[in-house]
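Numbering (my numbering), first residue to last: 2 to 71. For each residue, glycine too, the CB sits at the ideal point set by N, CA and C. Data first, discussion second: the structure below is written as structure tokens.
Printed below as a string of structure tokens:
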């Protein structure tokens, strides 16, 4: 399993748990943004939920090759 898929799976699992703090989710999302900056093709693996969370919390709409930040 790729690093991107591992992070996506962690984000999906963590986002479903109502007892998890926002800091934990933000940490995972930050890790995903760092990975996307190195490997923009990982954006294609992101689920709708992960893309929504990236957009909602960081206004991140994709790697620079896809339009980057607003």
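| said: Do residue 54 and residue 76 count as a contact pair if the criterion is CB distance below 7 Å? | reply: Absent from the structure is residue 76, since the part of the chain shown begins at 2 and ends at 71.
| said: Can you give me the C-alpha to C-alpha distance between residue 17 and residue 56, rounded to a whole angstrom? | reply: Stepping through the chain shown from its first residue, residue 17 is reached at position 16. Stepping through the chain shown from its first residue, residue 56 is reached at position 55. Going by the C-alpha atoms only, they are around 17 Å apart.
| Leaving out five residues before and five after residue 19 in sequence, what residues of the same chain have Cβ atoms less than 6 Å from its Cβ? | Position 18 of the chain shown, counted from the start, is the residue given in the question as residue 19. Within the same chain, residue 19 has no close Cβ partners at all.
| said: Output needed for residue 21: all residues of its chain with C-beta closer than 6 Å, excluding positions within five of it in sequence on either side, in chain order. | reply: Sequence index remark: in the chain shown, residue 21 carries index 20 (1-based). Within the same chain, residue 21 has close Cβ partners 15.
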